[in-house]
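Numbering (our numbering), first residue to last: 4 to 209. The beta carbon of each residue, even a glycine, is placed where N, CA and C say it ideally should be.
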Amino acid sequence: MENSILRYSLVERVMHWIAAVTYCYVLLTGLAFYSPHLYWIAMVLGGAPTSRFWHPWIAVTFFGVLLWMLRTWAADMRITSVDRAWGKQMKRYIENDDEALPPIDRFNLGQKYFFWAMLFAGFVLLVSGTVLWIPEKLPWSLRDVRYIAVLLHVSSALLTIGAFIIHVYMGTAMVRGGFTSIIRGEVSPAWAKMHHRLWYQRVAGK
Ligand code: HEM
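In structure tokens:
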């Protein structure tokens, strides 16, 4: 694309899509374990023992990618006073009146909340999931911890599902040009100026 601006490097895109694929696998196998009505998903994905074996390992990989994202995007994900001002005008964003919003940097407040919610819930899922992965290693005196682990595992999974649905909807249907940027890496200067003006000024030197 002529005059395009690099929004996501190749490494960032690979990182993102590993997160997406691993998350979807863990989500689907997790749903299969959650309800008998969804058990067929495990059958489609190679059978119940295969799903039970890979679910925790792929989940650990997903959490590893979240840490990789944290290392890569920590500075971009920090919530600033600019974001708080933007957050107060969120109504305008919902009404698609982007021009009336205060200019923001690389990510908007919603994107930042999404990232921190996934990281937080991912951590809770990892810790509670470890208890459910190897319950026999838990001392008998702590056996009730398993109940708490089930509760935490399900509620944090629900949090990620809600966040994930919003993320995919925003990225594919609502913000035009966003999906192309996470595939090809590039956006037009007009897109950058419209959605992330401070970031545009920083990277384009304008
Ligand atoms: C099939 C699933 C997914 C799709 C279609 C998708 C789509 C997208 C799109 C279009 C963007 C670029 C948004 C922009 O810059 O305007 C993006 C960014 C991003 N994605 Fe995803 N994504 C998916 C799964 C995931 C998962 C599972 C995670 C887990 C953490 C994730 C984390 C992020 C983050 C942190 C960003 C940067 C900030 C943001 O836009 O929220 N994505 N994604």
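| said: Can you determine whether any heavy atom of ligand 1 sits closer than 7 Å to the C-beta of G188, and answer yes or no? | reply: no
For T175, is the beta carbon positioned less than 7 Å from some heavy atom of ligand 1? yes
- Taking 7 Å as the cut-off, does the CB of H170 come closer than this to any heavy atom belonging to ligand 3? With respect to ligand 3, the structure offers nothing, as its ligand set consists of ligand 1.
Checklist entry - Terminal residues of the continuous alpha helix (DSSP H) containing G132? => result 112-136
Among residues of its own chain, excluding the 5 on either side of D86, which ones have a beta-carbon nearer than 6 Å to its beta-carbon?
L112
Note to self: If I follow the unbroken alpha helix (DSSP H) through D108, where does it start and stop?
What the structure shows: First-last for D108: undefined, no H or E at that position.
Problem set entry | Residue range of the unbroken alpha helix (DSSP H) whose run includes L141 | Per DSSP, L141 belongs to no alpha helix (DSSP H) and is neither H nor E.
Check the DSSP bridge columns for V190 and list the partner residues they point to. I8
Determine, using beta carbons only, whether L161 and V127 come nearer to each other than 8 Å. no
Inset, instruction - State the Cα-Cα distance for the pair H170 and M177, rounded to the nearest angstrom. - result: 10 Å
**Prompt:** Would A62 pass as a contact of V29 if the rule is Cβ separation under 8 Å?
**Reply:** yes
Review point. Do the stretch 93-113 and the stretch 31-51 make contact, defined as three or more Cβ pairs closer than 8 Å?
Key: no
* Pull up the distance between the alpha-carbon of T133 and that of L31, whole angstroms please. => 18 Å
Below 6 Å CB to CB, which residues in the same chain sit around A22 once its five sequence neighbours on both sides are set aside? V68
Exercise for review: Closer than 6 Å by C-beta to I82: which residues in its own chain qualify, once you throw out the five before and the five after it? Chain order, please.
Suggested key: K115
task = Give me the Cβ distance between S159 and A195, rounded to the nearest whole Å; I'm assuming they're in contact under 8 Å.
result = Not quite, the Cβ-Cβ distance comes to about 34 Å (not below 8 Å), so this is no contact.
Check: Alpha carbon to alpha carbon, what distance is there between W143 and L135?
Finding: 14 Å
Original post:
Is the beta carbon of G181 within less than 7 Å of some heavy atom of ligand 1?
Top reply: yes
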